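Q:
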Amino acid sequence: MKATATAPSNIAFIKYWGCRDQELHLPENSSLSMNLSGLFTTTAVEFSPSFKEDHVEIDGIRDKTEEGRTIKHLDRVRKMAGIDTKARVISNNNFPLGTGLSSSASGFAALSVAAAKAAGLDLSERELSILARQGSGSACRSIPDGFVEWSKGEDSGSSYAASLYPADWWDIIDIVAVVSDEKKGVSSLGGHKLAGSSPFFQPRLSRIEDKLNLVKKSLSERSFLDLGELVEEEALELHAIMLTSSPSLIYWTPGTLSLMKLVKKARGDGLPIYFTLNTGQNIHLICKKEDCDKAVGLIKDLDFIKQIIVNSPAKGARLLEGN
Ligand code: PMV
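Counting in my numbering, the sequence shown tops out at residue 328, every number present.
#1: Between the stretch 230-245 and the stretch 7-21, can you find at least three pairs of beta-carbon atoms closer than 8 Å?
#2: Looking at the structure shown, is Gln207 part of a helix, part of a strand, or coil, going by DSSP?
#3: Starting from the N-terminal end, write out each residue whose C-beta falls within a distance shorter than 5 Å of any non-hydrogen atom of the ligand PMV.
#4: Cβ of Thr70 within 9 Å of Cβ of Ser185?
#5: What residue from Asp68, Thr75 and Gly233 has the CA that sits closest to Ile178's CA?
#6: Label Glu154 either buried or exposed according to how many other C-beta atoms from any shown protein chain fall within 10 Å of its C-beta, with 16 as the threshold for buried.
#7: For Lys294 and Ser134, what's the separation of their Cα atoms in angstroms?
#8: Just the C-alpha distance for Asp127 and Ser192, rounded to the nearest angstrom, thanks.
#9: Quick check on the DSSP output: what are the complete alpha helix (DSSP H) runs of length 4 or more inside the stretch 192-279, in order along the chain?
#10: Hey, which unbroken runs of the beta strand (DSSP E) at 3 residues or more fall wholly within the stretch 130-192?
#11: With DSSP collapsed to three states, give me the class of Arg81.
#12: Taking 7 Å as the limit between beta carbons, can you name the residues of its chain near Phe205, skipping five residues before and five after?
#13: Verify whether the separation of the beta carbon atoms of Arg5 and Ser36 is less than 9 Å.
#14: Let me know the secondary structure DSSP gives Ile310 once reduced to three states.
#15: Measuring CA to CA, which of Gln312, Ser156 and Cys297 is closest to Asn34?
#16: Once DSSP output is grouped into helix, strand and coil, what is the label at Leu29?
#17: Starting from Leu102, follow its DSSP beta bridges and name the residues at the other end.
#18: Tell me whether the beta-carbon of Ala110 lies closer than 9 Å to the beta-carbon of Ala12.
#19: Using only CA atoms, which one of Thr47, Ser14 and Leu31 lies nearest to Ala8?
#20: Under 9 Å between the Cβ atoms of His78 and Ser117?
#21: Starting from the C-beta of Leu29, find all residues in its chain whose C-beta is less than 7 Å away, skip the five residues before and the five after it, and write them out in chain order.
#22: At which residues does the alpha helix (DSSP H) containing Ile291 begin and terminate?
#23: With three or more beta-carbon pairs closer than 8 Å as the criterion, would you say the stretch 266-278 touches the stretch 164-172?
#24: Take Val301 and list the residues in its own chain whose beta-carbon comes closer than 8 Å to its own, dropping the five residues that flank it on each side.
#25: Quick check: what's the CA-CA separation for Met39 versus Gly327?
#26: Between the alpha carbons of Pro32 and Ala137, how many angstroms are there, rounded?
#27: Span of the beta strand (DSSP E) holding Ala49?
#28: Do you know whose CA, among Ile88, Cys24 and Leu44, lies nearest Ser53's CA?
#29: Between the C-alpha atoms of Ile278 and Lys216, what's the straight-line distance to the nearest angstrom?
#30: Can you give me the Cβ contacts of Asn287 inside the same chain, cut-off strictly under 7 Å, excluding the 5 residues immediately before and after it?
#31: Which term fits Lys122, buried or exposed, when burial requires 16 or more other beta carbons within 10 angstroms of its beta carbon?
#32: Whose C-beta lies closer than 7 Å to the C-beta of Met85 among residues of the same chain, with five residues either side of it excluded?
#33: What does DSSP give as the partner residues of Ala17 in its beta bridges?
#34: The beta strand (DSSP E) with Ile304 in it runs from where to where?
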């Protein structure tokens, strides 16, 4: 009754922002992402009749909010498996949490795979994606390999992610630049609830399918400049919705803005590099593999950069050996 799994974080090229169902995390729109090789969570889950209560440790810390979300997820797994055994969950991340690097995506994907296995369930990739989605929406995209689409679906059973292309389809690079590891004030969960209050949210939804199809086309043709333009424009659109929600959400710090300007300047000077970001201050730079050293060189000596993590496209969540 013990299993360990690892799962990557992912970066959305078309973002999930706003839910039709807050409890089930049914999204307003379909989204598309790439798994990240350098940002991951490893989680061990053990169910045992000798445990009196659930015990959850994330990066060595017991936090009430995280524990509550994790136990709710364990309850979903226990219900599916028809057990009421308590569990011990030990989870570790190799990157800072709550700073816009999608730790809940890797976290709930790894938890779903490990907990399902430890509970004796034999779930398909689709079933694991549906389970992970209920913990954190974007976690459903960290289950399949490589470049992944989450179809919004009609209901819980049809809202899941599937791989569009394996990780080795395209060797593009995502460079994460940590400008601050301070935790954000409003989580993505809180942000999704505010999305509909922006006057620009409905216009966004009316164009989103077309945008998604353009990103898919750029992936299928491996057309980097098209992808980069679409991805950066989408990140700014996401933050335009956040900035104009009521109350407004401002995640950027001076370091975030400096990097955005630097990327645009470098592009003007001939380096094909683009940025994207999620709910938080930290930035992802997207470039072709051959431009990776130049892109890292652009930021590595800046005094406000705390950490640089270079990512390739990665496989999805998986059980670790020895289970
Ligand atoms: O899965 P959540 O609730 O953490 O929401 C993710 C929201 C974004 O990161 C901003 C967008 C996305 O699709 O990953």
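Positions of the beta carbon are idealized from the N, C-alpha and C atoms, including for glycine.
Computed from a predicted model, the values in this text were never measured in an experiment.
A: Per the coordinate set shown:
#1: yes
#2: helix
#3: Ala17, Lys20, Tyr21, Ser36, Ser109, Ser141, Gly142, Ser143, Ser193, Asn283 and Thr284
#4: no
#5: Gly233
#6: buried
#7: 29 Å
#8: 32 Å
#9: 193-199, 206-225, 229-248 and 259-273
#10: 152-155, 166-170 and 177-183
#11: helix
#12: Ala245, Ile246 and Thr249
#13: Past the boundaries of the shown model lies residue 5; the chain is included only from 6 to 328, so the question cannot be answered.
#14: coil
#15: Ser156
#16: coil
#17: Beta-bridge pairing links Leu102 to no other residue.
#18: yes
#19: Thr47
#20: yes
#21: Gln139 and Ser161
#22: From DSSP, Ile291 is part of no alpha helix (DSSP H) but of the beta strand (DSSP E) over Ile288 to Lys293.
#23: no
#24: Ile180, Ile313 and Val315
#25: 28 Å
#26: 14 Å
#27: Ser36 to Phe52
#28: Ile88
#29: 20 Å
#30: Thr104, Gly105, Leu106, Val181, Ala182, Val183 and Val184
#31: buried
#32: Leu126
#33: Ser38
#34: Careful: Ile304 lies outside any beta strand (DSSP E), inside the alpha helix (DSSP H) at Cys297 to Ile304.
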